[in-house]
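With the UniProt record's numbering, letter number 44 in the first sequence gets 44, and the count goes up by one each step, no holes.
Where is the CB? At the ideal position from N, CA and C, for every residue including glycine.
Only one structure is covered here, and it is reproduced in the block below.
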Amino acid sequence: MSSEKTRRKVQVLDKTTGKVVELEPIKTWTLGPRDRVKIKIGIFKSPETGRYFRARLPDDYPV
DNA sequence: CTAATTTT
DNA sequence: AAAATTAG
């Protein structure tokens, strides 16, 4: 549906406000070149500004 | 630059 | 089509 599995809240730095907030990602995916270690990315919408922003997720986030 | 993904 | 996200 949204991401996959039980999406939980993550502490992320809201790049639009500069504040740290706990949000659920709209969607998450892994990012990285084929032969490199991949990182996890989530897309969020700031509750303050309504702006979208992406942020890295913890490596153990259920994607 | 490469990777995926979405919003602008 | 561009930007943004991380790091090797």
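- Beta-bridge partners assigned by DSSP to Val-10: Leu-23.
- If you ignore the 5 residues before and after Thr-49, its C-beta comes within less than 7 Å of the C-beta of Thr-16 and Thr-17, all in its own chain and listed in chain order.
- Cα atoms of Arg-8 and Pro-62: separation of roughly 8 Å, rounded to the nearest angstrom.
- Between the alpha carbons of Pro-33 and Asp-14 lies a gap of roughly 26 Å.
- Around the beta carbon of Lys-40, a 10 Å sphere encloses 16 or more other beta carbons of the protein chains shown; the residue is thus reported as buried.
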